[in-house]
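Working notes, structure below.
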Amino acid sequence: MFISRDRKLLIHNLKKKISLKVPILIKIYRFFFKRKSITFSGWGMTIFDRNPPWIKNYFNNTGANSFIKFDKKIIQLVTKKKFILSQFSKLDNNYNPIKALKEFRWRHYILCWTINYSCKFTNVKKLNLVELGVHDGMSAFFAASQLSENKIFFKLFLYDSWGPMLAKNLTNKELKSVGSYHYLNFNNVVNNLKAFKKSIIFNKGYLPDSLATAKNPKTIQWIHIDLNSTRPTIDSLKFFFSKISKNGIILFDDYGFNEHLETKIAVDKYLNNKKGSLFHLPTGQSIFFKK
12 MFISRDRKLL IHNLKKKISL KVPILIKIYR FFFKRKSITF SGWGMTIFDR
62 NPPWIKNYFN NTGANSFIKF DKKIIQLVTK KKFILSQFSK LDNNYNPIKA
112 LKEFRWRHYI LCWTINYSCK FTNVKKLNLV ELGVHDGMSA FFAASQLSEN
162 KIFFKLFLYD SWGPMLAKNL TNKELKSVGS YHYLNFNNVV NNLKAFKKSI
212 IFNKGYLPDS LATAKNPKTI QWIHIDLNST RPTIDSLKFF FSKISKNGII
262 LFDDYGFNEH LETKIAVDKY LNNKKGSLFH LPTGQSIFFK K
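Positions in the sequence shown are counted from 1; adding 11 to them yields our numbering.
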């Protein structure tokens, strides 16, 4: 039914008067007829009536379109048990890796966005990328997928012990993490990322000590740090920072989490006098844009 402009304004003004005089009626109306819909829930965030960038809209968002393609692909691989996500069996997600993947969409969208940024602004023909803390290879899968989608020649250098966390690398407040990630399996990770094997260099060992013997790139355009511990994070950051190109990206995974406050403080202190800008995200991640 067609409603004229004047009639719409009349109805709007009437609702406004009612809301001012009898606000409880508006609250009842909204509760029963205008409930806000949840557009995303996960990783400590719930969004109402705001579309995440990967939901279709009137504008063509190439980055978001490619991200959701990778998201569907990894869900398909996990469902067929061709991509093993051992880490999620230990988390509070009802032992459902598919549910966990969907809850991580904002995290992975931001990761792909930073890859696109590096491709566009570092002005190099070949990208070198580093990930510190690989776990099952989930983040590496999104990074490599995005680069392959962009038809960029790249090398992705992966660093992890694929073993339990050691007390010597943890502060007193972090000692509760001793033994964490003991269930990770290096062979599973290699198999998970086999589609990109020609572009991946695996460096197995405990950071920062393993850096002395690892196959390290001379320059890098993107680095993802997800080590859940302060000393390896800062020592590795010091090792790689001078190698990062102008307009390169540092993506911190655990920057905003209360349990990793020591790491945040140490990162802030180290980057305080460095040329660039640090952007803290509601996901708990943060991005450092190097200048």
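Don't be surprised by glycine CBs; every beta carbon is placed ideally from N, CA and C.
Neighbour-count burial assignment, residue i, 16 or more Cβ in a 10 Å radius
i	result
E270	exposed
R16	exposed
H119	buried
Q157	buried
T244	buried
D82	buried
G148	buried
L4	Here the chain has residues from 12 to 302 only, and residue 4 is not among them.
G144	buried
V33	exposed
T90	exposed
F168	buried
A178	exposed
D171	buried
I126	buried
P219	buried
Cα-Cα separation, residue i to residue j
i	j	result
R242	K27	57 Å
I35	F207	59 Å
E114	A225	33 Å
N364	N258	Look at the range of the chain in this structure, 12 to 302, and you will see that residue 364 is not part of it.
Y128	I211	20 Å
K286	T294	24 Å
L238	G55	20 Å
N139	K19	57 Å
T50	W117	12 Å
A151	K166	11 Å
S288	K249	17 Å
V141	L195	19 Å
F94	K80	16 Å
K275	N227	25 Å
T57	A111	15 Å
F213	S221	12 Å
Y266	K136	30 Å
I298	W124	11 Å
F59	I22	25 Å
L186	S240	10 Å
Rounded distance between the beta-carbons of residue j and residue i, thought under 8 Å
i	j	result
P175	H193	4 Å
F197	W173	4 Å
F252	Q296	Not quite, the Cβ-Cβ distance comes to about 18 Å (not below 8 Å), so this is no contact.
In DSSP terms, what residue i is bridged to
i	result
S159	According to DSSP, which records beta bridges pairwise, S159 is partnered with nothing at all.
I255	I231
D82	DSSP lists no partner for D82.
H291	S297
F250	None; F250 has no bridge partner.
G53	M56
L272	L272 is not bridged to any residue.
Simplified DSSP assignment, three categories, for residue i
i	result
L232	A quick correction: the sequence has Gln, not Leu, at residue 232. Strand.
Y120	helix
S30	helix
G74	helix
L204	coil
D60	coil
G170	Correcting the residue identity first, residue 170 is Tyr in this sequence and not Gly. Strand.
L181	coil
L138	strand
T133	coil
I95	coil
L308	Because the chain in this structure spans residues 12 to 302, residue 308 falls outside the shown range and cannot be described.
F165	strand
N24	helix
Residue i Cβ short of 7 Å to the ligand HEM heavy atom set
i	result
K208	Of ligands this structure carries none, so the ligand HEM is not represented either.
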